[in-house]
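To start, the structure itself, in structure tokens.
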Amino acid sequence: DLICITESRECKHASEKRSEINTANYMMSNDLYGKRVVIVDDLLTSGASLMEYAHNLERAGAKVEGAVFLARTFQMPSPAKVKRLVWKRHLSVLIWRRSDDL
891 DLICITESRE
901 CKHASEKRSE
911 INTANYMMSN
921 DLYGKRVVIV
931 DDLLTSGASL
941 MEYAHNLERA
951 GAKVEGAVFL
961 ARTFQMPSPA
971 KVKRLVWKRH
981 LSVLIWRRSD
991 DL
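Each residue of the sequence shown is one higher than the one before, starting from 891 at the first, in my numbering.
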């Protein structure tokens, strides 16, 4: 086996204390050196686990070609994006009303 799971862990996406969950629950073989790898995981949430896996695989000498996920969690937009979308809507309404007055 090139990668072995050493222990089970709580699902990070279902936990309120995501940052406290030990993500290093696997060991990588030295036989990964020079191998082309595709990361396969069940769920993409923030991308933090993906970045950790890719970094560790590359440190072991593997070349990460890509990643495949079964699903992606819903993500709320950032406050800045919400403000931008709201203002864009209001600005278009203001511009439309103003051109109507001419």
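Cβ coordinates follow ideal geometry from the N, Cα and C atoms, glycine included.
Cα-Cα separation, residue i to residue j
i, j, result
"Lys953", "Ala961", "24 Å"
"Leu940", "Arg974", "29 Å"
"Val927", "Asp891", "14 Å"
"Gly924", "Pro969", "43 Å"
"Ser919", "Ala950", "8 Å"
"Lys942", "Ala957", "The residue you asked about is not Lys; residue 942 is Glu in the sequence shown. When rounded, the distance between both Cα atoms is 12 Å."
Residue range of the beta strand (DSSP E) that includes residue i
i, result
"Tyr916", "916-918"
"Leu960", "953-962"
Identified DSSP bridge partners for residue i
i, result
"Asp931", "Phe959"
"Arg926", "Lys953"
Reference residue i; option with closest CA among the options
i, options, result
"Leu1005", "Gln965, Tyr916, Met917", "Coverage of the chain is limited to positions 891 through 992, which leaves residue 1005 absent and any answer about it impossible."
"Asp921", "Thr935, Gly937, Leu947", "Leu947"
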